[in-house]
Ligand SMILES: [Mn+2]
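Residue numbers (our numbering): 4 to 387.
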C-alpha cells in the first residue's frame, strides 16, 4: 500500500505542469488496453483534476471489443483524428515507446508508461514508467493507483476491468497472478451483468463468419501445431482471435495465424505451454524483417512487405517457412485441419450423420473410447 502511494505521488509529479493529457492504447486496442485507459482517465480527472482523452491507432475490430466500447460508453477517439500538439502529456497504456504498435508520433516521448510486457530500452527514458511483466493484465496494475487514490469503481469501470481481466487471462487461466485474481473477485459484485453479457455475446457479422470459414479451410496441421495462412483479413486483430480459437481444437497445442490487412502482414502465435516464451519465439521467427512481441503463451507481430521490397504473398510464404524452421517442423507433413469429405456412395450417409448435431453423443462416445493421439500437453523442448 505504501508503495502504491509512493508510485501515485511519483506519477503525479511526472505530470506537473500538464493540463491536457492524451492516453494512448496500443494499436487495434484489446479490452485490457481499453479498460486500463478508461481507469487512468478517471484517475487523471478525479484525483489530478486534468483533462484526459483516450486515443487509439488502427481500429477496434473484434465484435466484443466494439460492444465493450459502445455498452460501457468508453470515450475513445481515433488517433488519426487527433491533433497531438494539443496535449501537454501523452501516456501509453499496455504498450511502450519504440514498439511500433501505438500511435505515438515518431520522436516524441510519452510522460508515462503503464504496461505488463517486457520493458523496452526507450521506456527507461520516460519520466514515469510502471512496467511489470508479472501482471497478467495491465488494468490490474493501473487499478492499484485508483485504490491508492481512494477512487472507487462505478459499475461501468468495474465491468470494463472485469471483462478486461477475463479476456486477457481467459478467466484467470492464462498468465494470471494473485493480483489479477484478487481484483477480479473484488470487483465482481459491482459488475453490470447485463452489459457484460451484451459484450460477451456481441452480435457477429457475416464478414466474421466468412473469415472463420476461410480460416478453418486454410489451416494446416503439423504434429500438434496449426498454421493458418490467410491472404486477407477484415481487421488486424483477427489473427489473434483466430489463433485463440484454433488453439482450442483438440490435439492442437500451438497455433499461428497470419493474414494481410492493407498491405501489412499480421500474425499471431498461441501456445498451451505456460512457459512457451511465445514473444521470444516469434521474434526469432521474424528476425529483422518485422516487429514481434508478447508474453509466454501469446504473441503477435507485423511485417511491412513493401518496405522490404516484397509482396505480401511472398512474405507470407517466407514467414510460413520460417515458422517451420524455428519450430522444428521442416519435413513434418502438413495435413488440412478440415479434411475434404470423399464422395463415396454408401459410406457417405454414415459420415454425415456422425458430423451432424443429432449424433454428437455417438461421436463423443467414440472419441472417449479411442483417445486422440498427441494430447500430452507439453511441446518438445527442442522447439524453443
Ligand atoms: Mn495487456
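Note that CB positions come from ideal geometry on N, CA and C, so glycine has one too.
- Out of 286, 239, 244 and 214, the CA that lies nearest to the CA of residue 266 is found in 239.
- The closest heavy atom of ligand 1 lies 6 angstroms or more from the beta carbon of residue 147.
- Pairing residue 145 with residue 43 gives a Cβ-Cβ distance under 7 angstroms.
- Nearest Cα to residue 83 within the set 62, 119 and 178: 62.
- Between the alpha carbons of residue 306 and residue 192 lies a distance of about 43 angstroms.
- The closest heavy atom of ligand 1 lies less than 6 angstroms from the beta carbon of residue 97.
- Short of 6 angstroms from the beta carbon of residue 327, and not among the five residues preceding or following it, lie these beta carbons of its own chain, in chain order: 333.
- In terms of Cα proximity to residue 321, the closest of 293, 77 and 301 is 293.
- Taking all protein chains shown into account, residue 35 has 16 or more neighbouring C-beta atoms within 10 Å of its C-beta and is therefore buried.
- With fewer than 16 other Cβ atoms inside 10 Å of its own Cβ, residue 153 counts as exposed.
- Here residue 339 really is in contact with residue 223; their C-beta atoms are around 6 angstroms apart, less than 8 angstroms.
- Rounded to whole angstroms, residue 81 and residue 134 show a C-alpha spacing of 25 angstroms.
- The C-alpha of residue 87 lies about 43 angstroms from the C-alpha of residue 220.
- Collapsing the DSSP output to three states places residue 170 in a helix.
- In the three-state reduction of the DSSP assignment, residue 228 falls in the strand class.
- In the structure shown, residue 189 falls within a helical segment according to DSSP collapsed to helix, strand and coil.
- Taken atom to atom, the span from the alpha-carbon of residue 94 to that of residue 29 is near 11 angstroms.
- Distance from the Cα of residue 12 is smallest, within the candidate group 131, 158 and 173, for 131.
- For residue 11, there is no enclosing beta strand (DSSP E); the enclosing alpha helix (DSSP H) has its first and last residue at 5-17.
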